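**Q**
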Amino acid sequence: MPYPQAGSAGPAAIMQRLRRLPLTPPLVLAPSLIATLVYVVGFALWSAWMSVSTSTLLPRYGYAGFVHYRALWSNHRWGIAYTNLFLFGSLYVAGAALLGLLLAILIDQRVRAEALWRTVFLYPLAISFVVTGTVWRWIFNPTSGVQHLVRSLGWHDFSFDWIVRRDTAIYTVVITGIWHASGFAMALFLAGLRAVDPDLIKAAQIDGAAMPRIYLRIILPTIRPLFVAVLVILLQFAIKTFDLVLALTSGGPGIATTVPAIYVYDLMFQRGQLAEGAAAAVMILAALVVVLVPYGMWASWRRSRV
Amino acid sequence: MASLSIRSLGKRFGPVDVLHDINLEVEPGEFVVLVGPSGCGKSTLLAMIAGLESITTGEIRIGARRVNEVPPRDRDIAMVFQSYALYPTMTVRRNITFGMESRRVPKAAQAAALARVASLLQIEPLLDRKPAQLSGGQRQRVAMGRALVREPALFLFDEPLSNLDAKLRVEMRTEIKKLHQTLGKTTVYVTHDQVEAMTLASRIAVMHQGRVQQFDRPRIVYERPANMFVAGFMGAPAMNFLPAALATVADRPCVLLPADGAAPVALPLPPVAGEAALVPGRRVILGIRPETIGLAPAAGAAATVEAVAEVVEPTGPDTMVVARLGGRQVIARFDPDTAPDPGDRITLALDPSRACLFDADTHRLI
Ligand SMILES: Nc1ncnc2c1ncn2[C@@H]1O[C@H](COP(=O)(O)OP(=O)(O)O)[C@@H](O)[C@H]1O
Ligand SMILES: [Mg+2]
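In structure tokens:
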């Protein structure tokens, strides 16, 4: 032992005695469990309550019924925000996961300077949404970004003005989000690919399978649990999207790229409509439930079949 | 069935030379075992035969065809891996038929081949399970099934039994031998276990530090090991090595073995290949297998030496006795009935006709 021991009360001895206590695991887990309960379950319930209360600028605890939900759903802006959530969410999650997987598979082919590629692709995640959004706003901006560059190279009728058009602006948010997160998905997938037993691939080669078939039938099914992890993480990125949209489009042009998180923020802290904001927040939670509950049922159904 | 020739094969991983000048000619239907300590290059050699590792120098032929540039799937081989490498997300059935699906074998032929292999290995009840739901022995069988279903020209095994417990290992060993006797396929089998090598092989290639030390029938490898490495590696407990010298006593060449205190003991010469090498005074190593040492009824008989029993280790059928002889430890295998007690002074009867002589410098068999 490198450090002197004071009788049997050395740190090692204490740790050992602690480990023997049956109470230790619950004790160690307790702080994070309590925090999770208070912050996740507790505040979710509080929000739900607020959404049916008479609160305005400050919380009030009188019961108002479902008036705020009705108000919410009769608002055109909320309809757009909620549609955007699903549109952005599905495209962003699928796009980032697919691009990440593709990059991971390419890097898995023992490319040269692998560490460099990994860092390059992972780097966007280290940049905050605000910076990402600002930079990409310049890139998408017709008068300063890609359109300007291509036109100045001689293609004068080239046009790339998605960010200023109502029907396409949301896709600039999707592209920026995918740029930001696909490296992260790549890192997770690459770790998973590297953990696959190389003998499996050798066996499949001897079995006469070509590389695409080996990936589709053997490697990717083996890392299926990882897909779930990546999708869930990306999904919660998607639902939290707030600062990215704010920095990139500020919800515009007009209200074309509003998302529910912006809407909630607006209602609660700009307009003093706490109850309706809470109702909107509950609807975001509902969106999550709509996605996750069927998945959970499907997963447990699969497990019962095995 | 096909022959396999490996000619002047070498393998290098970057700056590291892993295999040097490997030459093996495997006859059709033979069961060749590559045996050697961990890290000697057995798996690398097998992977090169399979086409999973590139060839640095030399060539490999399966049948008459040079396969150096042929990808694994076109080499007409099947391989069983140490980890079994069963596809974890597929049922046993799909594991076995995956190769045939990849090769677009018609469904009816697939079903027939699956049925044949499943009944041969008695794995019919397992067909709809996933690998995670199988015991180690069952996984091993499925891995064998996946290889057998191909009816390849060449079977390759990489330590297929080393993840099984001792009892199952012996059972599966017998089963593999039986399968080979029924199917008669050319087989290359890698193991680090010399008992497996002795029991299974029609010929053994003993490998050490990337070279084949000896390639011969098990009995020859055991009785006439090419060098001291082979002699020490094959057989447990290992062969005893005693430094000695050649001499001429009464006009006959013999081996002088230093004994405790007393004058050296002159032993009759073991069988040697080159009579010309018998220069009196040449330093040699006498190699004696534990089971060729007996207890002499009386001291002073021919080829006997005095020793002290130090440790006695009963194993059941035999009792191992560690004795001290001429300042060296010697292990002898005795019948439990006649075994001495620790501390006893004993007279050991050596059997020179079953001993080996090695050169003291080159460690090669004389
Ligand atoms: N891909 C590789 N790169 C570098 N060295 C390797 C590689 N594969 C094996 N080796 C080296 O080659 C030697 C032989 O390995 P291997 O064939 O696996 O031995 P064995 O199967 O006899 O235990 C070992 O020293 C090992 O470190
Ligand atoms: Mg090996």
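Taken in sequence, the protein lines are chains A and B.
Converting from the first sequence to the numbering used here requires adding 7 to each position, the first position being numbered 1.
Converting from the second sequence to the numbering used here requires adding 105 to each position, the first position being numbered 1.
Cβ coordinates follow ideal geometry from the N, Cα and C atoms, glycine included.
Since this is a predicted model, take the numbers as computed values, not measurements.
1. Quick one: give me the first and last residue of the beta strand (DSSP E) that B:G163 is part of.
2. Assuming B:E301 is part of the alpha helix (DSSP H), what are its boundary residues?
3. Give me the pocket residues for ligand 1, defined as CB within less than 5 Å of any heavy atom, sorted by chain position.
4. Answer yes or no: do B:L347 and B:L391 have a C-beta to C-beta separation smaller than 7 Å?
5. Against chain B, does A:P219 count as a neighbour if the rule is that its beta carbon must be under 7 Å from one of theirs?
6. Span of the alpha helix (DSSP H) holding A:H155?
7. Helix, strand or coil for B:T485? Go by DSSP, reduced to three states.
8. By the DSSP assignment, the alpha helix (DSSP H) with B:G241 in it spans what residues?
9. Do you know how far the Cα of B:F203 is from the Cα of A:A133?
10. Per DSSP, which one or two residues make a beta bridge with B:N332?
11. Check distances from the C-beta atoms of the stretch 199-224 of chain A to those of chain B and list, in chain order, the residues that come in under 7 Å.
12. Which residues, in chain order, does the stretch 252-273 of chain B contribute to contact with chain A at a C-beta distance below 7 Å?
13. Is A:G17 helix, strand or coil when you go by DSSP?
14. Have a look at B:R255, B:P236 and B:R246 and flag the residue whose alpha-carbon is nearest the alpha-carbon of B:E276.
15. Quick one: grab the DSSP three-state call for A:M8.
16. Alpha carbon to alpha carbon, how far is B:H285 from B:E158? Give it in angstroms, no decimals.
17. Please report the straight-line C-alpha distance between A:S97 and B:L231, rounded to a whole angstrom.
18. Any Cβ of chain A within less than 7 Å of the Cβ of B:S207?
19. Taking the alpha helix (DSSP H) that A:H163 belongs to, which residues open and close that run?
20. How big is the Cα-Cα spacing for A:V35 and A:G49?
21. Return yes when the Cβ of B:A252 is within less than 7 Å of the Cβ of B:V293, no when it is not.
22. Between A:A88 and A:T265, is the Cβ-Cβ spacing less than 7 Å?
23. With a CB to CB cut of under 8 Å and the five nearest residues on each side skipped, what residues in its chain are close to A:I221?
24. Give the straight-line distance between the Cα atoms of A:P219 and B:P211, rounded to the nearest whole angstrom.
25. In chain order, what are the residue ranges of uninterrupted beta strand (DSSP E) at least 3 long that sit wholly in the stretch 126-185 of chain B?
26. In chain order, what are the residue ranges of uninterrupted alpha helix (DSSP H) at least 4 long that sit wholly in the stretch 99-149 of chain A?
27. Using 8 Å for Cβ pairs, my map puts A:V181 next to A:G102. What's the rounded Cβ distance?
28. Excluding the five sequence neighbours on either side, which residues of its own chain have a C-beta within less than 8 Å of the C-beta of B:S207, listed in chain order?
29. Counting contacts by CB-CB distance shorter than 7 Å, is B:P342 in contact with chain A?
30. Would you call A:A75 buried or exposed, if buried means 16 or more other Cβ atoms sit within 10 Å of its Cβ?
31. Could you please tell me which residues of the stretch 170-182 of chain A, in chain order, have their CB closer than 8 Å to any CB of chain B?
32. Between A:A217 and B:P395, what straight-line distance do the alpha-carbon atoms span, to the nearest angstrom?
33. A:P228 versus chain B: which residues are under 9 Å apart at the beta carbon?
34. Report the option in B:T149, B:R450 and B:A444 whose CA atom is closest to the CA atom of B:T263.
35. Which residue wins for smallest C-alpha separation from B:A460, given the options B:T467, B:I398, B:I451 and B:T443?
**A** Well, looking at it:
1. Counting from 1 along the second sequence, the entry for residue 163 of chain B is found at position 58. That run of the beta strand (DSSP E) goes T162 to I167.
2. Start at 1 with the first residue of the second sequence, and residue 301 of chain B comes out as number 196. Taken as a continuous stretch (DSSP letters only), the alpha helix (DSSP H) holding B:E301 covers Q299 to L305.
3. Ordered by chain, the residues meeting the criterion of a beta-carbon within less than 5 Å of a non-hydrogen atom of ligand 1 are B:F118, B:V123, B:S143, B:G144, B:C145, B:G146, B:K147, B:S148 and B:T149.
4. Position 242 of the second sequence, counted from the start, is the residue given in the question as residue 347 of chain B. Position 286 of the second sequence, counted from the start, is the residue given in the question as residue 391 of chain B. Yes. Within cutoff.
5. Counted from its first residue, the first sequence places residue 219 of chain A at position 212. Output row for A:P219: interface = no.
6. Position 148 of the first sequence, counted from the start, is the residue given in the question as residue 155 of chain A. Where A:H155 is concerned, the enclosing alpha helix (DSSP H) stretches over V153 to S159.
7. In this structure chain B extends from 106 to 471, so residue 485 of chain B is not present and cannot be described.
8. Against the second sequence, residue 241 of chain B aligns to sequence position 136. First-last of the alpha helix (DSSP H) with B:G241: G241 to L253.
9. Taking the first sequence and counting its residues from 1, the one referred to as residue 133 of chain A is at position 126. Taking the second sequence and counting its residues from 1, the one referred to as residue 203 of chain B is at position 98. Cα-Cα distance, rounded: 43 Å.
10. Mapped onto the second sequence, residue 332 of chain B falls at position 227. Paired residue(s): B:R469.
11. So the close ones are D204, D206, L207, K209, A210, Q212, I213, D214, G215, A216 and R220.
12. For the stretch 252-273 of chain B, which is checked against every Cβ of chain A, not one residue is closer than 7 Å.
13. What you label residue 17 of chain A is simply residue 10 of the first sequence in a count that begins at 1. Coil at A:G17, not helix or strand.
14. Mapped onto the second sequence, residue 276 of chain B falls at position 171. Proximity to B:E276 across B:R255, B:P236 and B:R246 peaks at B:R246, based on C-alpha coordinates.
15. Residue mapping note: residue 8 of chain A aligns to position 1 of the first sequence, counting from 1. Caution applies to A:M8, whose pLDDT of 40 falls short of 50 and renders its modelled position unreliable; the model cannot decide the point.
16. Counted from its first residue, the second sequence places residue 158 of chain B at position 53. Counted from its first residue, the second sequence places residue 285 of chain B at position 180. Looking at the two C-alpha atoms, the distance is approximately 26 Å.
17. As a working note, residue 97 of chain A is residue 90 in the first sequence. As a working note, residue 231 of chain B is residue 126 in the second sequence. Cα to Cα, A:S97 sits roughly 40 Å from B:L231.
18. Counting from 1 along the second sequence, the entry for residue 207 of chain B is found at position 102. Closer than 7 Å to some Cβ of chain A, the Cβ of B:S207 qualifies, so yes.
19. Position 156 of the first sequence, counting from 1, holds the residue named residue 163 of chain A. For A:H163, there is no enclosing alpha helix (DSSP H), as DSSP gives it neither H nor E.
20. Numbered from 1 along the first sequence, position 28 holds the residue referred to as residue 35 of chain A. Numbered from 1 along the first sequence, position 42 holds the residue referred to as residue 49 of chain A. Approximately 21 Å, taken between the alpha carbons.
21. Within the second sequence, the letter at position 188 stands for residue 293 of chain B. Within the second sequence, the letter at position 147 stands for residue 252 of chain B. Against a cut-off of 7 Å, the Cβ pair of B:A252 and B:V293 comes out as no contact.
22. Stepping through the first sequence from its first residue, residue 88 of chain A is reached at position 81. Stepping through the first sequence from its first residue, residue 265 of chain A is reached at position 258. Going by C-beta atoms, A:A88 is nearer than 7 Å to A:T265.
23. The residue labelled residue 221 of chain A in the question sits at position 214 within the first sequence. The residues are I208, A211 and Q212.
24. Along the first sequence, one-based indexing puts residue 219 of chain A at 212. Along the second sequence, one-based indexing puts residue 211 of chain B at 106. Distance between the alpha carbons of A:P219 and B:P211 is about 21 Å.
25. Entirely contained in the stretch 126-185 of chain B, the beta strand (DSSP E) runs reaching 3 residues are, in chain order, 136-140, 162-167 and 182-185.
26. 121-133 and 136-147
27. Within the first sequence, residue 181 of chain A is the residue found at index 174, counting from 1. Within the first sequence, residue 102 of chain A is the residue found at index 95, counting from 1. With 8 Å as the limit, A:V181 and A:G102 qualify as a contact, their Cβ atoms being about 7 Å apart.
28. Residue 207 of chain B sits at position 102 when you count from the first residue of the second sequence. So the qualifying residues of the chain are R178.
29. By 1-based counting over the second sequence, the position of residue 342 of chain B is 237. So, not an interface residue.
30. As a position in the first sequence, residue 75 of chain A is number 68, starting the count at 1. Note that residue 75 of chain A is His in the sequence shown here, rather than Ala. It is buried - the Cβ of A:H75 has at least 16 other Cβ atoms within 10 Å.
31. none
32. Walking along the first sequence from the start, residue 217 of chain A turns up at place 210. Walking along the second sequence from the start, residue 395 of chain B turns up at place 290. Taking the straight line joining both Cα atoms gives about 53 Å.
33. For this step, residue 228 of chain A is matched to residue 221 along the first sequence. Neighbours of A:P228 on chain B, chain order: Y192, P193, T194 and M195.
34. Position 158 of the second sequence, counted from the first residue, corresponds to residue 263 of chain B. Just to set this straight, residue 263 of chain B is Asp in the shown sequence, not Thr. Measuring from the Cα of B:D263, the nearest candidate turns out to be B:T149.
35. The residue given as residue 460 of chain B occupies position 355 in the second sequence. Checking every option, the nearest Cα to that of B:A460 belongs to B:I398.
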